[in-house]
Each structure stands twice: as structure tokens, then as C-alpha cells.
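Chains as they are written, first to last, in our numbering: chain H, 60 to 275; chain X, 60 to 275.
To start, the structure itself, in C-alpha cells.
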């Protein structure tokens with residue numbers, strides 16, 4: 060798989076920062092070709108520029124349809140030969156033009172162990188439900204919200220005195236580790252999608268088992 | 060809380076065995092007052108007798124209603140001064156007579172990280188969904204299936220080459236550890252139910268934090 064990443068953001072871009080640092084440290088053998096934000100005030104744009112990564116703002120406003128906005132993003136990603144798209148706090152639904160242009164090649168990171176707590180405010184949902192274990196999921200993006208094939212999950216304990224904020228912060232730390240690892244797994248190849256499952260061949264699995272362990 | 064347990068089974072009773080061993084080893088300061096099965100061929104009955112625990116078979120057949128069956132169970136539990144009821148592979152829905160007789164005093168162990176994969180065949184659901192982390196939940200039983208306040212959860216990794224059987228076996232090992240620990244937490248007191256959450260006071264939490272950690 061082409062190792063050129065396009066990262067889509069809407070806000071602070073802390074997971075973008077984690078990807079930047081992982082490529083810099085060579086934990087992730089990939090190049091961030093472009094960072095695209097739908098908001099020009101996204102703090103993540105400054106992080107990208109500080110790392111010498113090209114940035115674009117493509118506002119979601121002013122288009123006659125969401126698909127038109129998506130098509131412009133596709134054109135810019137293709138112009139830079141992007142092979143894998145990483146959503147990093149991108150607060151827009153991904154529509155058919157993007158999904159069809161990058162089949163099984165758009166990743167997202169979600170702050171829960173999906174299928175538990177999809178949608179917004181997952182740490183709050185976890186606290187209110189009273190779970191004792193939550194976590195992080197990196198998954199492929201499909202037309203169903205937060206329901207694509209799961210590449211990697213990490214468990215995160217919920218402590219007795221956790222608030223939404225302390226739990227969200229603990230989960231975010233795991234997101235920053237899990238996302239670059241999942242990108243590396245996907246770029247490493249040797250996997251297929253079977254029904255709705257991300258399945259790794261025995262060879263690739265045994266060579267990098269540890270990132271997939273819940274208790275590592 | 061009264062430390063006399065009543066255990067309800069329908070089958071092999073491996074979680075009953077875990078409770079028996081935990082009381083014998085003094086990891087769990089409790090007495091199993093009675094084991095009640097709704098099936099006379101339940102293997103767990105032999106395990107109980109081998110441990111010198113009284114057993115009863117109260118078939119679910121022949122009653123004019125499920126409530127009548129439940130009422131007989133309540134009577135037998137009360138006759139033995141049971142304070143906490145533990146379901147251990149009990150394949151019956153628990154109806155109002157039992158729930159009202161033992162409010163916040165009926166526990167169950169479920170082979171997933173609820174709210175993911177409630178109902179039957181949770182390990183199969185986990186495999187088919189393609190999750191990378193599943194686990195075990197010990198929760199209070201309420202009128203909603205597999206949806207009561209959660210006492211304890213443990214994460215269990217799903218490995219690349221797992222089948223339903225290998226995953227179920229790995230989860231079962233965790234059930235056998237988690238269930239006695241959760242019973243000990245409940246008997247230890249210092250907790251309350253708040254909305255749908257099991258909340259421990261700071262003192263009891265800090266004195267036995269480790270069993271609640273997902274990564275321990």
C-alpha cells in the first residue's frame with residue numbers, strides 16, 4: 060500500500076500530532092502528504108505547518124451539497140497521491156465520493172470499545188453507563204457511523220473516581236499510541252476484510268502481535 | 060451484608076466451582092449456603108455435593124407461571140438466610156418475585172464487556188463483529204436483560220487466530236477470576252447504586268483497587 064497519508068481534521072489535531080511524531084520517530088514508516096481541515100481556525104493546521112506538512116483548508120460551507128465538498132477533498136488527496144486517509148477529529152460525516160475513492164482506505168479513531176458507545180461524547184456515555192472498562196477503537200470508515208471493520212482496540216480502565224474529563228484524558232493517551240500503530244498495521248499489508256472483520260494473515264499477525272493485545 | 064450465598068445453576072457450573080474454590084481458599088469470605096438448579100441433570104450439582112454444599116433441584120416445569128417457580132426459589136433461599144444470589148450459568152430469566160426479594164443482591168457474570176454483546180452466544184457475537192478486545196462483566200441483575208449496574212469488568216484480547224471456542228475458553232478463565240472478586244467487592248460494602256452506576260466510596264475503592272483494573 061502506498062505510504063502517503065492524508066489527514067483530515069476539524070480541531071486541535073492531537074491525533075494528527077501523534078501521527079506526525081510517529082512518522083518522525085520512524086515508529087510509523089509513512090509520509091503525511093497533506094493535512095486538510097474543514098475549518099480554517101483548526102489548531103491542528105499550525106501543528107502541521109510546524110512539522111513542515113502541507114495544509115489546506117477546504118471549508119464545508121458554500122457548496123451546493125456535501126458530496127461536492129467531498130469531491131474537492133478527493134481531488135486534492137489524489138493530486139498528492141494519498142493512499143490512506145486518516146480522520147483525526149474530523150467532525151464531518153464522510154460521504155459516498157470519499158468512501159468510493161478510498162475503499163477500505165479511510166481510518167478513524169474512536170474513544171470507546173466499539174460497538175459500545177458510538178457517536179458523540181463516548182467517554183460521557185461510558186461514565187453514565189457505569190462501565191469499568193472502556194478504551195479506544197481504530198476502524199475503517201464506512202457509510203455506517205462508527206461501525207466499520209476494526210483494526211485495533213485498546214482497553215482503558217475506568218477508575219472509581221473518574222469524571223468524564225479524567226476518563227477522556229486517559230483514553231486520549233491511548234488514542235495517541237493506538238492510532239499510529241493501527242496505521243502501521245494497515246500499511247504493512249497482509250490483511251483482508253472478511254464480512255465485517257479485519258483479518259490478518261498468520262504471518263503478519265505473528266510478526267506484530269503485541270500492538271493488538273488488550274493488556275499490553 | 061450477610062455473607063451467605065445462594066448459587067443458581069442450569070448446567071456444568073464452572074463458575075460455581077470458581078466460587079467454591081474462592082471460599083475454600085479464603086479469597087472470598089463467604090459461605091455457599093445452597094446451590095439450586097432448575098435441571099436435575101446439571102453437572103454443577105455434583106460439584107456442589109463434592110464440596111459438601113447443600114443442593115436442590117427446583118424444575119422450571121410444572122408451574123402455572125414463571126413467577127410461581129421464582130417464588131419457590133425465593134422461599135428456599137430465605138429459609139437458608141441467603142443474602143446474595145449468584146447466577147452461574149442459570150439459563151432462566153429472573154422474574155419479579157426474585158428481583159423484589161433480593162433488590163441489588165442478585166449477581167450475574169456475562170462473557171462480554173457489556174453493553175456490547177448482550178444475550179446468548181456473546182463470544183460468537185464478538186468474533187463475528189470483529190472486535191479486538193472483549194471481556195467479562197459481573198453485574199447486578201435487573202428486569203432488563205444483561206443491563207444492570209456493573210460491579211466489575213475485565214478485558215480479554217481477541218487474537219487473530221481465535222475461533223468462537225478459543226475466545227470463549229479465554230473469557231471463561233477470566234470469568235472464574237472475576238466472579239469471586241466481584242462477590243467479595245459486593246460483600247465488602249461501601250458501595251451504592253447511583254442512577255445505573257455501581258459507585259464505591261473512596262475508602263473501599265482505594266483499599267482494593269487492583270481487581271477493578273482492566274490491565275491488571
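No residue lacks a Cβ here, since even glycine has one placed at the ideal position from N, Cα and C.
Taking residue i and residue j to be in contact with their CB atoms under 8 Å, please state how far apart those CB atoms are, rounded to whole angstroms.
i             : j             : result
residue 148/H : residue 70/H  : 5 Å
residue 115/H : residue 93/H  : 6 Å
residue 158/X : residue 201/X : 7 Å
residue 160/X : residue 133/X : 4 Å
residue 251/H : residue 219/X : Contact doesn't hold; Cβ gap of about 12 Å is too wide.
May I ask you to list the residues that DSSP assigns as paired with residue i?
i             : result
residue 250/H : 259/H
residue 213/H : 195/H
residue 112/H : Answer is none; residue 112/H lacks a bridge partner.
residue 93/X  : 65/X
residue 166/H : 145/H, 199/H
Measuring CB to CB, does residue i end up less than 8 Å from residue j?
i             : j             : result
residue 231/X : residue 73/X  : yes
residue 249/H : residue 192/X : no
residue 125/H : residue 154/H : yes
residue 246/H : residue 197/H : no
residue 170/H : residue 234/H : yes
residue 174/X : residue 214/H : no
residue 141/X : residue 63/X  : yes
residue 103/H : residue 68/H  : yes
residue 244/H : residue 211/H : yes
residue 204/H : residue 178/H : yes
residue 238/X : residue 168/X : yes
residue 146/X : residue 242/X : no
residue 91/H  : residue 78/H  : yes
residue 97/H  : residue 123/H : no
residue 164/H : residue 226/H : no
residue 188/H : residue 151/X : no
Step through the CB atoms of chain X and report whether any lies within less than 8 Å of the CB of residue i.
i             : result
residue 169/H : no
residue 91/H  : no
residue 175/H : yes
residue 257/H : yes
residue 162/H : no
Does any residue of chain H bring its CB to less than 8 Å from the CB of residue i?
i             : result
residue 272/X : Its pLDDT being 41, under 50, residue 272/X is placed unreliably by the model, and the measurement read from it follows with that caveat. Closer than 8 Å: yes.
residue 172/X : yes
residue 183/X : no
residue 211/X : yes
residue 165/X : no
residue 266/X : At residue 266/X the pLDDT is 44, less than 50, meaning the model places this residue with poor confidence; the figure from the coordinates comes in the next sentence. So no, residue 266/X is outside the interface.
residue 156/X : no
Taking 8 Å as the CB-CB cut-off, is residue i touching chain A?
i             : result
residue 232/X : Within the model displayed, chain A is absent; protein chains H and X are what it includes.
**Prompt:** Which residues, taken in chain order from the segment 233-245 of chain X, show a beta carbon closer than 8 Å to some beta carbon of chain H?
**Reply:** none
**Prompt:** Name the residues in the segment 213-235 of chain X whose C-beta lies less than 9 Å from a C-beta of chain H; which are they?
**Reply:** 213, 214, 215, 216, 217, 218, 219, 220
**Prompt:** What residues from the segment 190-205 of chain H come within 7 Å of chain X, judged by C-beta to C-beta, listed N to C?
**Reply:** 190, 191, 192, 194
**Positions along the segment 116-128 of chain X whose CB lies within less than 9 Å of some CB in chain H** = Going along the segment 116-128 of chain X in chain order, one finds no residue with a Cβ nearer than 9 Å to chain H.
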